[in-house]
Every structure is written in structure tokens, then in C-alpha cells.
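Our numbering puts the first residue of the sequence shown at 571, with every later residue one more than the last. Notes follow once the structure below has been shown.
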Amino acid sequence: MSDYHALALFSGGLDSILAARLIQNQGLRVKCLHFISPFFGKPSRVRHWEKLYGLDIDIVDIGDQYADMLASGPAHGFGSVMNPCVDCKILMMRNARERLSRYGATFLISGEVLGQRPMSQRRDTLNIIRRDAEARDILLRPLCARHLDPTEPELSGLVDRERLLGISGRGRKEQLELAERFGIEEIPTPGGGCMLTEKENARRYWPVLEHIPAPKAADFRLANLGRQLWLHDGEHHYWLSIGRNQADNEHYAALRRPGDLLFKLVGYPGPLAMGRASAPWPAPIVQQAAALMASYSPKARTAGDNGKTVRVRISECAPNKESDPVAEVEITPSRQTGFAEPAWEETHRKLLALRKQGQICGKG
Numbered sequence: 571m572s573d574y575h576a577l578a579l580f581s582g583g584l585d586s587i588l589a590a591r592l593i594q595n596q597g598l599r600v601k602c603l604h605f606i607s608p609f610f611g612k613p614s615r616v617r618h619w620e621k622l623y624g625l626d627i628d629i630v631d632i633g634d635q636y637a638d639m640l641a642s643g644p645a646h647g648f649g650s651v652m653n654p655c656v657d658c659k660i661l662m663m664r665n666a667r668e669r670l671s672r673y674g675a676t677f678l679i680s681g682e683v684l685g686q687r688p689m690s691q692r693r694d695t696l697n698i699i700r701r702d703a704e705a706r707d708i709l710l711r712p713l714c715a716r717h718l719d720p721t722e723p724e725l726s727g728l729v730d731r732e733r734l735l736g737i738s739g740r741g742r743k744e745q746l747e748l749a750e751r752f753g754i755e756e757i758p759t760p761g762g763g764c765m766l767t768e769k770e771n772a773r774r775y776w777p778v779l780e781h782i783p784a785p786k787a788a789d790f791r792l793a794n795l796g797r798q799l800w801l802h803d804g805e806h807h808y809w810l811s812i813g814r815n816q817a818d819n820e821h822y823a824a825l826r827r828p829g830d831l832l833f834k835l836v837g838y839p840g841p842l843a844m845g846r847a848s849a850p851w852p853a854p855i856v857q858q859a860a861a862l863m864a865s866y867s868p869k870a871r872t873a874g875d876n877g878k879t880v881r882v883r884i885s886e887c888a889p890n891k892e893s894d895p896v897a898e899v900e901i902t903p904s905r906q907t908g909f910a911e912p913a914w915e916e917t918h919r920k921l922l923a924l925r926k927q928g929q930i931c932g933k934g
């Protein structure tokens, strides 16, 4: 693996494609790193991108490190929703720097453009990113390099600075012209593709961050599935994820961990549900969760409307990840339970309160 000159942060967006190609076109060997987490990344597209754009790409999963960063509080704050853009870029840059020797590379490439994004691509922020990632002299931003101080690869003559660009601002005209020169026909749509920038997703993630001790990537991946409902009982929190389709149901098997509960209807078609909590589940709360899950089966709900009860099998996930049946409960399907879906308004209120207290920064 030690035959590359540079490692490039590669999102799959146009800027990251162009940055890598600009350096490749100087006769240098570039390895692209596509970072993934529960919030971003498209690993299934990597082989397609390699063929389409003539790039060499590896997938790097930073999910647990990202979860740790969120749990400890991003040093540079959140953006307009739950997006820690500056800390995100520092985390990826630091991971790339730590892989330099593995690939025999000597510098890093990023597709950032000065002034393109209000939070993470201001001049002062670009300097913070390279400083905190400990990549001051080895981070090259080919698309806007003419606006920045020369880096070591340029000063040494390895990279010809005259063939780098001086793009700035939010427009894409110059990038599109460059893509045409490179013969790139499939142009990615603009946008970061980060789920943390969307209110609908933030309301799913914030309760995980708030109520799950030391959350990991698997917790946030669970939050991406199905319907998310929470019940708070004193100091304890009970989390129920109800599948919307067969794909959700299949993912639960991969995400379960010891102590999780699986809920499955007996005798009726319907969703699966997974329960995760900060304490053992009391019987009344198990029954509420079972009744709520059953209410999302049309046939079970019809039976309940006709005065019939239905059975739900409860299984607990053991350390070997097998699920052992614990009990069956007989309930009437109902949505009148103590569980509720988190709301963006409540999440936003809490984020604003933390900002006012100075615990997190960013703009709201």
C-alpha cells in the first residue's frame, strides 16, 4: 500500500472529485478515503465512483469516533441543526493524517473551497481545521490553493502551484467548467449529504445523545430505523424503535445487543420492534411497548377494535447475540401509551438553551 503521494478526503461530491483529479493530473498517485458514519457516507457507491471518475477509493468507518465526539460535545459547536461541521472535518482530517505512513503518502488533499460554506469554510475556520488536525504544512486544498499560503508539497516542487486553482465563494460555475474539461458527465448534486443537518433526523438523534450513556455508532444507526418512541420514568429512559418495513426488521438483527428486547406479534403480520433502555424493563412498560407495536399491524388493530386481545412475544438479546424468548404478553393494540415520538421543537429548545449557557456554540 506504500505507493501513493497523497491521501484525499473523498465525499463523493463534485469538489472532492475535482480536488483529487487535479492532483492526479500532475502525475501523482492519490488514494481517496471515503469516511462513513451513521450520519453520512455511501459505501455502496464506491466501486461505481472508482470506475466513473478514475479514482482509487478506500472506505473508512469512523462511526464510533464520531459518536464519541458528539457525546463529549463538539469543541467548535453545532451548526443550524446538530451538524458539528468543523469538528467533523477535523476528525476526518486527523484520521487521514494518521494513515499517511500506511500508504506511503506525504500530504493530504481536501476539496474545500474558501467561502463556500458559512460555518466550516471561512478563512479562519480553514486555519483552525488544519491546526487542530495537526496538518498545517501537509494539507493542500487544490480548488482554492491560490488564495492560501503555499504548503510543503508546493514549496518542495512535488506539486506545481501554478496548476492549482483560486476558486472562492458559493458559486459552482468554475467547478462545472473544470468537470467538463475532465470529461466528467455524471455531476453529483450539490449538498453535503449529512443527516445531522436535517431537523427530521436531529429529533431522532438528540434523545440518544441525551439519554443513552456513552452512545456508540450502533445506537445512532438504530435511531435511523423505523419509528422512534421514548418513555421517561423518573431517572430511567425506555426507547422503542418500531420497523416500518422488511428492511428495518432485518436491520434489527444486526444492531441488537445484550439486554435489548425484541417484540414480535404472534398470529398476525406486523412490524418488529426493538427496545433499549437504561434499566431493566418493568412489566407495565413492556406491556405498553407491546400494545404500541401491535397497533401498527392493521389486522391486529382491527382485532383490538373488535374487543379481542393479541399476543406479543418478548425476547431478550443475550451476550452471544442470540435472542431468547422471555415471555408472551396478551394486550389490546393501542397508541394511547406513555411512549411518544421526539419533536424537533423540543430538541431545538434544548440546543438553544445549551448555547445560551455557553456549553455549545454555533448558530441557531
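Idealized CB from N, CA, C, for every residue including glycine.
Which class does residue i belong to by DSSP, given the choice of helix, strand or coil?
i	result
PHE752	coil
VAL836	strand
TRP800	strand
LEU718	coil
PHE609	coil
HIS646	coil
HIS575	coil
ALA705	coil
PHE1005	Missing from the structure shown is residue 1005; the chain here goes from 571 to 934 and no further.
SER811	strand
GLU805	coil
GLU768	coil
ILE679	strand
ASP830	coil
LEU728	coil
LYS920	helix
ASP626	coil
GLY633	helix
LEU795	coil
LEU603	strand
GLY741	coil
LEU734	coil
Taking the alpha carbon of residue i as the reference point, which residue from the options has its own alpha carbon closest?
i	options	result
TRP851	LEU577, SER885, SER867, ARG871	SER885
ALA847	ALA864, ALA860, HIS802	HIS802
ASP830	THR917, HIS717, GLY647, ALA843	ALA843
LEU696	GLU732, SER738, GLU668, TYR673	SER738
GLN798	GLU805, ALA784, ASP818	ASP818
GLU898	GLU915, ALA859, ALA913	ALA859
LEU766	TRP914, GLY582, ASN665	TRP914
PRO828	GLY845, VAL856, GLY840	GLY845
PHE677	ILE699, ARG871, LEU684, THR721	THR721
PHE609	TRP776, GLY727, LEU748, LEU735	TRP776
ILE855	GLN745, TRP800, MET663	TRP800
LYS920	GLY877, HIS604, PHE648	PHE648
MET663	LEU810, ALA641, ILE699, MET639	ILE699
ARG731	ASN665, VAL882, ASN595	ASN595
SER642	LEU779, VAL896, ARG881, HIS618	LEU779
HIS918	VAL656, ALA772, TYR838, ILE679	ALA772
ARG871	GLN857, ARG883, PRO839	PRO839
GLN906	ARG881, ALA861, LEU924, VAL882	ALA861
GLN857	VAL882, GLY837, ASN876	VAL882
Using the C-alpha atoms, what's the distance from residue j back to residue i?
i	j	result
ILE632	CYS602	15 Å
CYS887	GLY813	17 Å
ALA853	PRO868	25 Å
PHE833	LEU579	41 Å
ARG701	LEU795	37 Å
GLY611	GLU768	15 Å
VAL729	PRO723	5 Å
GLY763	PRO912	22 Å
HIS717	ALA784	41 Å
GLY932	MET863	Residue placement at GLY932 cannot be trusted, given a pLDDT of 43 that sits under 50; the coordinates are not used to answer.
ALA788	ALA675	32 Å
TYR808	ASP694	43 Å
LYS743	LEU584	12 Å
ARG791	ALA849	21 Å
ALA576	ASP626	11 Å
ALA873	THR879	7 Å
GLU916	PHE752	47 Å
LYS786	ALA637	5 Å
ALA705	GLY908	50 Å
Residue i: buried (16+ other C-beta within 10 angstroms of its C-beta) or exposed?
i	result
LEU709	buried
LEU922	exposed
ASP573	exposed
LYS997	The question about residue 997 has no answer here: the residues shown for the chain are numbered 571 through 934.
ASP622	According to the sequence as given, residue 622 is Leu; it is not Asp. It is exposed - the Cβ of LEU622 has fewer than 16 other Cβ atoms within 10 Å.
ARG740	exposed
ASN653	buried
PRO841	buried
GLN686	buried
GLU682	buried
Please confirm whether any heavy atom of the ligand ZN lies closer than 7 Å to the CB of residue i.
i	result
LEU579	Ligands are entirely absent from the displayed structure, and the ligand ZN is therefore not among its contents.
Kindly confirm or deny that the stretch 585–594 and the stretch 712–732 touch, where touching means at least three C-beta pairs closer than 8 Å.
yes
Segment contact flag, the stretch 899–909 with the stretch 746–761, C-beta cutoff 8 Å, min 3 pairs
no
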